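K.L.:
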Amino acid sequence: CLDIIADCGSDQVCMTVEVTSNVVCDTVTLYPGLNLISFDVQPGDPSLESIFADQILDGSLNAIFGRGPTGGIVIFDPLLIPFPGLNTLTEVEPGRGYYVRIYTSADTTDLIVCGDPIDPNLKVALNATWNIVGYIPQVSTTPEIYFEDLYGPPVPPVDILQIARGFTGGTSGTFQFFDPVLAPFPGLNTLTSIDNGFGYELRVNQAVSEGGWLIDPNGDEKVFQPFVSDQYTVVAATSNLSDKYVGELVSILTPNGKIVGEMEILPGGLLKTCPIYGDDTYSKQKGV
């Protein structure tokens, strides 16, 4: 109640205000094996330890993979939780997608995540190589519509998108592909629907700003990443290096001296998780 006091007297006004929570819950179906997922809510605690607490507890979560700011692989491995700094992926970001590998005898597992709804119009910024994006709207659409800002008929034509792929999920799941070059030929592309709850891996040839996926004139990569591809192995290591070297980098070299990765030195001589990339399927660039 509000007490109003003035020279001529006083009065009291009382009002009842009903506060409605904006929190909603999103259910994502996980299949045994590999899944490519996204969320349409942002939880109050976005840490992967919190979101996948049940799967970590029962031992069914094998690993979660994402793409970092330069397109490189980042990883969350439950076995690395006791070693702070080794996991390079620690929380979810709105509008991003993630590979989740589950080991379970159940046909499906419902992952329920509650939080603030994400703007269905959000399209995250893309770096000039590999990205994993989510699809937030409830109503499905087609790749031709969803990716129309990244390729298409304007003059001159837009040719930013090189490939998009989804994954149906599970041990028998398959990758589905959308190649803009094949768009005029119905039936050749196997990725034909973009759906809520799934993630999609894109390769683009230049950085794109958040929003309507317009070209970012200042989209140069901020961190030097000589090579990123869709084929990779993730490694972590220990060393006898003292803590005075914490924060410095250890290079991974091939027998002929080519640098193929860098691992940050952590306290206790631990070396931060690092991906090593093989040949890129689409650009034909050579890796290890």
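Residue numbers -8 to 279, in the numbering used here, belong to the letters of the sequence shown in order.
Glycine included, every Cβ here is placed at the ideal spot set by N, Cα and C.
This one's a predicted model, so the numbers in the text were calculated from it and none came from an experiment.
#1: Under 8 angstroms, with one C-beta from each stretch per pair, do the stretch 59 to 78 and the stretch 113 to 122 reach the 3-pair mark?
#2: Tell me the residue span of the alpha helix (DSSP H) that contains Glu135.
#3: With 16 as the cutoff for other CB atoms within 10 Å, does Lys235 come out buried or exposed?
#4: In terms of residue numbering, what span does the alpha helix (DSSP H) encompassing Gln39 cover?
#5: From Glu255, Val226 and Gly259, pick the residue whose C-alpha is nearest to that of Ser233; which is it?
#6: Give every residue of the same chain whose Cβ lies closer than 7 angstroms to the Cβ of Val172, excluding the five residues on either side of it in the sequence, and list them in chain order.
#7: For Gly57, collect the residues of the same chain with a Cβ closer than 7 angstroms to its Cβ; drop the 5 residues on either side in sequence, then sort them by chain order.
#8: With DSSP as the reference, identify every bridge partner of Ser51, one or two as the case may be.
#9: Among the residues of its own chain, which have a CB less than 6 angstroms from the CB of Thr224, if the five just before and after it don't count?
#10: Let me check understanding here. Comparing Cα to Cα, which of Ile42, Phe138, Asp186 and Gln167 lies closest to Leu179?
#11: Hey, would you say Gln222 sits closer than 8 angstroms to Thr272, going by beta carbons?
#12: What did DSSP end up calling Gly35 once you bin it into helix, strand or coil?
#13: Contact between the stretch 26 to 39 and the stretch 106 to 118: three or more CB pairs below 8 angstroms?
#14: Can you name the start and end residues of the beta strand (DSSP E) that Ser242 belongs to?
#15: Among the residues of its own chain, which have a CB less than 7 angstroms from the CB of Ser237, if the five just before and after it don't count?
#16: Can you tell me whether Cys105 is buried or exposed, with buried defined as 16 or more other CB within 10 angstroms of its CB?
#17: Quick check on this structure: which residue in Ala227, Ser220 and Leu244 has the alpha carbon closest to the alpha carbon of Leu262?
#18: Could you tell me the distance, in whole angstroms, from the CA atom of Asp170 to the CA atom of Ala198?
P.N.:
Straight from the coordinates:
#1: yes
#2: For this step, residue 135 is matched to residue 144 along the sequence shown. Element bounds for Glu135: Pro134 to Tyr137.
#3: As a working mapping, residue 235 is identified with position 244 in the sequence shown. So Lys235 ends up on the exposed side.
#4: As a first step, residue 39 is located in the sequence shown; it is residue number 48 there, counting from the start. Per the sequence shown, the amino acid found at residue 39 is Leu instead of Gln. Here the alpha helix (DSSP H) through Leu39 covers Leu39 to Ile42.
#5: Working through the sequence shown from its first residue, we reach residue 233 at position 242. It is Gly259.
#6: Working through the sequence shown from its first residue, we reach residue 172 at position 181. None.
#7: What you label residue 57 is simply residue 66 of the sequence shown in a count that begins at 1. Within the same chain, Gly57 has close Cβ partners Val65, Leu80, Arg87, Tyr89 and Ile123.
#8: On the sequence shown, position 60 is the one that residue 51 refers to. According to DSSP, which records beta bridges pairwise, Ser51 is partnered with nothing at all.
#9: In the sequence shown, counting from the first residue as 1, residue 224 sits at position 233. Ile267.
#10: As a working note, residue 179 is residue 188 in the sequence shown. Closest option to Leu179, Cα to Cα, is Gln167.
#11: Indexing the sequence shown from 1 puts residue 222 at position 231. Indexing the sequence shown from 1 puts residue 272 at position 281. Contact: yes.
#12: Taking the sequence shown and counting its residues from 1, one reaches residue 35 at position 44. Note: Gly35 maps to coil in three-state DSSP.
#13: yes
#14: Translated into positions along the sequence shown, residue 242 becomes position 251. Its beta strand (DSSP E) spans residues Leu240 to Leu244.
#15: Translated into positions along the sequence shown, residue 237 becomes position 246. Reading off the sequence shown, one finds Val at residue 237, where the question assumed Ser. Once the five neighbours on either side are set aside, the close Cβ partners of Val237 are Ile256, Leu257 and Pro258.
#16: What you label residue 105 is simply residue 114 of the sequence shown in a count that begins at 1. Exposed, since its Cβ has fewer than 16 Cβ neighbours within 10 Å.
#17: In the sequence shown, counting from the first residue as 1, residue 262 sits at position 271. Comparing Cα-Cα distances from Leu262 to each of Ala227, Ser220 and Leu244, the minimum goes to Ala227.
#18: As a working note, residue 170 is residue 179 in the sequence shown. As a working note, residue 198 is residue 207 in the sequence shown. Rounded to whole angstroms, Asp170 to Ala198 spans 19 angstroms at the Cα level.
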